[in-house]
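One structure below.
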Amino acid sequence: MCKEWNERISDIDICKHWKKERPTIEYQPLNLLLFTIQCLSTHIADLDLLISTYTPQICILSGVGSKIKNPPNIPFYNWICQVGINSFGGVAIIVHNSLKTRTILQASNFILLELTVLSEVVLIGAIYVPPGSSIPFNLLETNVSKKFYIFGDYNAKHAQWMCNTNNTSGNELKSWLDEKGYQLIAPTKPTSKRSEAVIDFGITNDATRWRSETIREGTPDHYPLYFETPLSLSEKGYFKKTNWKIYHFFLQNIS
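With the first letter of the sequence shown counted as 1, position 56 gets the number 43 in the numbering used here; the numbers rise by one all the way through.
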């Protein structure tokens, strides 16, 4: 600082030297996995590998099976489980313990959580619709005044979401989506290994800036899905702070 006062240095150079760079604001997006696991007891290794590889904040499981009554311990995660109507059904939501959640509704093959991210409250759900069963639209319409995202195996096929054929559930879902103005969060590649069909996806009232990807891994008949969401878990903002010692020094020398 003394050198600046005793040498011939322009005001512009002094300002450049003392300019404090403002760091960019950093966002940590919430990431989510959807996995129709088809009996957890025989595919625990697949689940462990997925969570360790992709480290999602939320993992939604569909078709969990009887193991849902005694889920394995996963460090830093909490389980919310719901049995289904048969031994192949049931859903679970595995939530990182840093998240603030509250269970809103549990029914057969269905869970709905309230998730608080920063100052926003959204709904995250898990669903399993067995083949040949009707989609429980009454459950999907629970608390729709908020943003909601409900993921699972719908067993609903329609050309609208890149299936080769339509089935009854797919036609009913397409009509319901058109009527309500809701949207799908779905990948562009098949989620079923047995057919060229996308039957695992999410339903929402706002799909803006969601990204989805089919993970071509795993031993079950369904591929896992990875979702990058527009929801921010944290924001590191920076603001200007006056250095009063330097400010006082300049005032003394100017006067």
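Glycine residues also receive a C-beta, built at the ideal position from the N, C-alpha and C atoms.
Among the options, nearest to residue i - alpha-carbon criterion
| i | options | result |
| --- | --- | --- |
| F214 | I202, P207, T206 | I202 |
| K134 | V108, S156, P118, A113 | V108 |
| P43 | L34, V51, G50 | L34 |
| G76 | F124, P117, Y64 | P117 |
| T178 | L212, D193, S85, N125 | L212 |
| E128 | T152, S120, N192 | N192 |
| Q147 | I137, K161, L99, K54 | K161 |
| Y141 | E159, S39, S132 | E159 |
| S85 | L164, F63, S106 | F63 |
Reduced DSSP secondary structure (H/G/I, E/B, other) of residue i
| i | result |
| --- | --- |
| Y41 | helix |
| Q25 | coil |
| D35 | helix |
| F124 | helix |
| G52 | coil |
| N158 | helix |
| D208 | coil |
| W66 | strand |
| E183 | coil |
| A194 | coil |
| K87 | strand |
| A146 | helix |
Residue burial classification, residue i (beta-carbon count within 10 angstroms, cutoff 16)
| i | result |
| --- | --- |
| G248 | The question about residue 248 has no answer here: the residues shown for the chain are numbered -12 through 242. |
| G112 | buried |
| S156 | buried |
| N73 | exposed |
| N151 | exposed |
| V82 | buried |
| G205 | buried |
| S121 | exposed |
| G224 | Note that G224 has pLDDT 38, beneath the 50 cutoff, so the model's placement of it is unreliable and no number is given. |
Contact under 8 Å by Cβ, residue i with residue j
| i | j | result |
| --- | --- | --- |
| P207 | H30 | yes |
| A194 | K144 | no |
| I47 | L20 | yes |
| G79 | P58 | Position check: residue 79 holds Ala in this sequence, whereas Gly was assumed. For A79 and P58, yes; Cβs fall inside 8 Å. |
| N96 | G119 | no |
| I67 | I98 | yes |
| T40 | D187 | no |
Residues near residue i in its chain [Cβ-Cβ closer than 6 Å; skip 5 each side]
| i | result |
| --- | --- |
| K87 | T103 |
| K180 | D208 |
| G139 | S49, A113, I114, Y115 |
| M149 | V185 |
| R198 | E215 |
| N245 | Here the chain comprises residues numbered -12 to 242, so residue 245 is not present and cannot be evaluated. |
Close Cβ partners of residue i (< 8 Å) along its chain, the five nearest in sequence each way excluded
| i | result |
| --- | --- |
| A94 | Q69, P123, L126 |
| Q25 | G50, G52, F75, P207, D208, H209 |
| P16 | E215, T216, P217, L218, S219, L220 |
| S28 | G52, S53, K54 |
Min CB distance residue i to chain C below 8 Å
| i | result |
| --- | --- |
| H145 | Absent from the structure: chain C. Only one protein chain is present. |
Any non-hydrogen atom of the ligand HEM closer than 7 Å to residue i Cβ
| i | result |
| --- | --- |
| S132 | Of ligands this structure carries none, so the ligand HEM is not represented either. |
Contacts around residue i, its chain only, beta-carbon distance under 7 Å, and the 5 residues preceding and following it disregarded
| i | result |
| --- | --- |
| I190 | L127, I137, Y169, L171 |
| E101 | T88, R89, I91, V108, L110 |
| V131 | N192 |
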